[in-house]
Amino acid sequence: MIEQQLKETNNTVIPQHVAIIMDGNGRWAQQRGKTRVVGHKNGVESVRAVVSTARKQGVKALTLFAFSSENWQRPEQEVSVLMDLFMFVLTREVKKLHKNNIRFQVIGDISRFSDKLIKKINDAEKLTKNNNDMVLSIAANYGGRWDITHAAKQLAQKVSEGELSVDDITEQSFDQHTSLAGLPELDLLIRTGGDYRISNFLLWQAAYAEFYFTEVLWPDFKEEEFLKAMGCFDQRERRFGQTGEQVKEQK
Ligand code: IPE
Ligand code: IPE
Ligand code: MG
Numbered sequence: 090m091i092e093q094q095l096k097e098t099n100n101t102v103i104p105q106h107v108a109i110i111m112d113g114n115g116r117w118a119q120q121r122g123k124t125r126v127v128g129h130k131n132g133v134e135s136v137r138a139v140v141s142t143a144r145k146q147g148v149k150a151l152t153l154f155a156f157s158s159e160n161w162q163r164p165e166q167e168v169s170v171l172m173d174l175f176m177f178v179l180t181r182e183v184k185k186l187h188k189n190n191i192r193f194q195v196i197g198d199i200s201r202f203s204d205k206l207i208k209k210i211n212d213a214e215k216l217t218k219n220n221n222d223m224v225l226s227i228a229a230n231y232g233g234r235w236d237i238t239h240a241a242k243q244l245a246q247k248v249s250e251g252e253l254s255v256d257d258i259t260e261q262s263f264d265q266h267t268s269l270a271g272l273p274e275l276d277l278l279i280r281t282g283g284d285y286r287i288s289n290f291l292l293w294q295a296a297y298a299e300f301y302f303t304e305v306l307w308p309d310f311k312e313e314e315f316l317k318a319m320g321c322f323d324q325r326e327r328r329f330g331q332t333g334e335q336v337k338e339q340k
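Per our numbering, residue 90 is the first one in the sequence shown, and the count goes up by one each step.
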């Protein structure tokens, strides 16, 4: 129904780059008297639904927050299940991503993951590197402050080696050293699970993104909910500092 509505209006504005904080797995499971990990397992189906819907709708980049740099503080058993799940899903889904012409990449500091998982990630990135329908970035051991610090360090290194001068450091060159370099600007940032914060996700990239918060818990966020968020984005007036009148004149 909603999909039809979106497709029927030809001038629907489709966000080029959507990011999602996939939150609420634990509560979803607890509401059903299950352990938190059951929620994580059920969340995988939502990932699949969102990837497929995004691609169908013509989204060019989809960035999903799977594991934050702060999530290591969770009970060891939960962290370990999350790692196993990541490994399992990667093994099972990469071929499908490849078949659908989706480029896959992981953003975040993966050096803390097991050698086996790192290899899986590298292989998946290599296999899909020339695909161009959509870029799927999974943020794992990711933190927005880490991303910014990492970019700053790379630039400092280049300056100290004489490869770059201080004046070459601009917003554009800084951006090129962040983990989503080369992708379209972030248009829409969604958070499921009812909290109103960005939990150290895309701090640099979210500068002019539209925010969409929903109470829906991640395992219940499927195609219909995603299209609702897209529909809401279509209604927003993005002014980028200008007045509403200026924006209307340019249309
Ligand atoms: C999000 O769901 C998944 C991860 C952070 C890995 P949560 O596990 O945070 O679920 P809630 O917020 O406790 O319900
Ligand atoms: C954010 O969710 C991280 C991911 C969805 C991977 P959290 O559940 O970790 O966020 P906080 O701790 O409630 O802010
Ligand atoms: Mg949470």
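Here a beta-carbon is modelled for each residue, glycine too, at the ideal position from N, C-alpha and C.
Whole-angstrom C-beta distance between residue j and residue i, which should lie under 8 Å
{"i": "residue 149", "j": "residue 223", "result": "6 Å"}
{"i": "residue 217", "j": "residue 192", "result": "5 Å"}
{"i": "residue 233", "j": "residue 272", "result": "The pair is not a contact, with the Cβ atoms about 15 Å apart (cut-off 8 Å)."}
{"i": "residue 114", "j": "residue 144", "result": "Their Cβ separation, rounded to whole angstroms, is 23 Å, which puts residue 114 and residue 144 out of contact at 8 Å."}
{"i": "residue 299", "j": "residue 327", "result": "7 Å"}
Member of the options whose CA lies at the smallest distance from the CA of residue i
{"i": "residue 293", "options": "276, 307 and 283", "result": "276"}
{"i": "residue 202", "options": "231, 182, 110 and 307", "result": "231"}
{"i": "residue 274", "options": "261, 283, 142 and 154", "result": "261"}
{"i": "residue 120", "options": "308, 269, 247 and 259", "result": "308"}
{"i": "residue 244", "options": "226, 228 and 265", "result": "265"}
{"i": "residue 155", "options": "164, 226, 240 and 238", "result": "226"}
{"i": "residue 287", "options": "331, 106 and 159", "result": "159"}
{"i": "residue 116", "options": "236, 196, 256 and 281", "result": "281"}
{"i": "residue 259", "options": "332, 240 and 318", "result": "240"}
{"i": "residue 168", "options": "205, 129, 330 and 313", "result": "129"}
{"i": "residue 171", "options": "132, 296 and 254", "result": "132"}
{"i": "residue 194", "options": "181, 178 and 211", "result": "211"}
DSSP state of residue i mapped onto helix, strand, coil
{"i": "residue 321", "result": "helix"}
{"i": "residue 287", "result": "coil"}
{"i": "residue 299", "result": "strand"}
{"i": "residue 316", "result": "helix"}
{"i": "residue 278", "result": "strand"}
{"i": "residue 90", "result": "The pLDDT assigned to residue 90 is 49, lower than 50, so where the model puts this residue is not dependable; a value taken from the coordinates is nonetheless given after this. Three-state result, residue 90: coil."}
Contact test: residue i Cβ vs ligand 4 heavy atom, cutoff 6 Å
{"i": "residue 309", "result": "By its list of ligands, the structure shown excludes ligand 4, since it contains just ligand 1, ligand 2 and ligand 3."}
Practice prompt. Could I get the ranges of all uninterrupted alpha helix (DSSP H) runs contained in the stretch 108–159, with 4 residues as the minimum, in chain order?
Written response: 114–120 and 125–146
Fill in: Uninterrupted beta strand (DSSP E) stretches inside the stretch 180–253 (no shorter than 3 residues)
191–196 and 223–231
Practice prompt. Specify which residues have a beta carbon nearer than 7 Å to any heavy atom of ligand 1, listing them in chain order.
Written response: Sorted by chain position, residues whose beta-carbon lies closer than 7 Å to a non-hydrogen atom of ligand 1 are 111, 112, 113, 114, 115, 116, 117, 125, 128, 129, 132, 155, 156, 157, 160, 171, 282, 306 and 307.
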